[in-house]
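> Mind looking over this structure? Questions follow.
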């Protein structure tokens, strides 16, 4: 799918151990990880994050952020998780837990994007089979093609798929920033652990910078 031209955005986030000194304004993208109905509607996985998801108003914050980002030309990348048994080789590589509980099943409501989260202009990651969104996928190819340098992360769960993907992309040289109120996991302690480990920012601050 086509995307808007990547926008340069010089936001200096708070928290984390990465070097915060910015000498240039890097081209920016928002990576949306698994904002699908498996996590946001009635399912076993939804029950795991429901308390944090609702208390932090993750849906509302994320939907608003993405709307503002698209209007201002920021690239939005969607990275869904899809378990497709017909793709036997890829299915073998998928972690056991989502297969055990029958989550993210291809051709069912469980893989659908949560209403209002996806837009036709978004770029979709293809081929993914791991919690780390780079495994088997074209994510890094998308980032290179769009000349992305800075990535803001939203989605689920903060301490697994989000954190693992951040770690890989930081190692690959990207600046990675967690949007704290657009992510959720099982409890606040696990969430805070990742916020302390990496750079993080609130969606309100990010929107203010986008709209400057």
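Residue numbers (our numbering): 2 to 213.
From the three backbone atoms N, C-alpha and C, an ideal C-beta is built for every residue, glycine too.
(1) Check whether the segment 88-108 and the segment 34-46 are in contact - that is, three or more C-beta pairs closer than 8 Å.
(2) So, is residue 152 buried or exposed, given that buried needs 16 or more other C-beta atoms within 10 angstroms?
(3) Hey, how far is the Cα of residue 89 from the Cα of residue 97?
(4) Residue 30 by DSSP, collapsed to three states: which one?
(5) Hey, is residue 207's beta-carbon within less than 9 Å of any beta-carbon in chain C?
(6) Would residue 112 and residue 63 be called neighbours here (beta carbons separated by less than 9 Å)?
(7) Report back the beta-carbon spacing between residue 76 and residue 120 to the nearest angstrom; my notes put them in contact at under 8 Å.
(8) Using a threshold of 9 Å, state whether the C-beta atoms of residue 138 and residue 127 are closer than that.
(9) Measure the beta-carbon distance from residue 158 to residue 50 and round it to whole angstroms, keeping in mind my assumption that it falls under 8 Å.
(10) Indicate whether residue 53 and residue 186 have their beta-carbon atoms separated by less than 9 Å.
(11) Kindly list the residues whose CB is nearer than 6 Å to the CB of residue 43, restricted to its own chain and excluding five residues on each side of it in sequence; keep chain order.
(12) Relative to the alpha-carbon of residue 133, which residue among 59, 81 and 197 has its alpha-carbon at the smallest distance?
(13) Could you give the first and the last residue of the continuous alpha helix (DSSP H) run that contains residue 54?
(14) Spatial neighbours of residue 145 within its chain, please: CB distance less than 8 Å, with the 5 preceding and 5 following residues excluded, ordered by chain position.
(15) Return the CA-CA distance between residue 135 and residue 213, expressed in angstroms with no decimal places.
Walking through what the data contain:
(1) As far as the Cβ criterion goes, the segment 88-108 touches the segment 34-46, which means the pair count is three or higher.
(2) By the neighbour-count rule (16 or more Cβ atoms within 10 Å), residue 152 is buried.
(3) Roughly 14 Å separates the two Cα atoms.
(4) Here residue 30 sits in strand by DSSP.
(5) Given the protein chain composition of this structure (a single chain), no chain C is represented.
(6) Residue 63 sits away from residue 112, with the two beta carbons spaced by 9 Å or more.
(7) The Cβ separation is near 12 Å, so there is no contact.
(8) Yes, Cβ-Cβ distance for residue 138 and residue 127 is below 9 Å.
(9) Yes, they are in contact, since the Cβ atoms of residue 158 and residue 50 sit about 6 Å apart, within 8 Å.
(10) Cβ distance < 9 Å, so residue 53 and residue 186 count as in contact.
(11) Cβ neighbours of residue 43 within its own chain (closer than 6 Å, five residues either side excluded): none.
(12) A check of alpha carbon separations from residue 133 across 59, 81 and 197 identifies 81 as the nearest.
(13) Residues 45-56.
(14) Excluding residues within five positions, none has a Cβ falling inside 8 Å.
(15) Approximately 32 Å between the Cα atoms of the pair.
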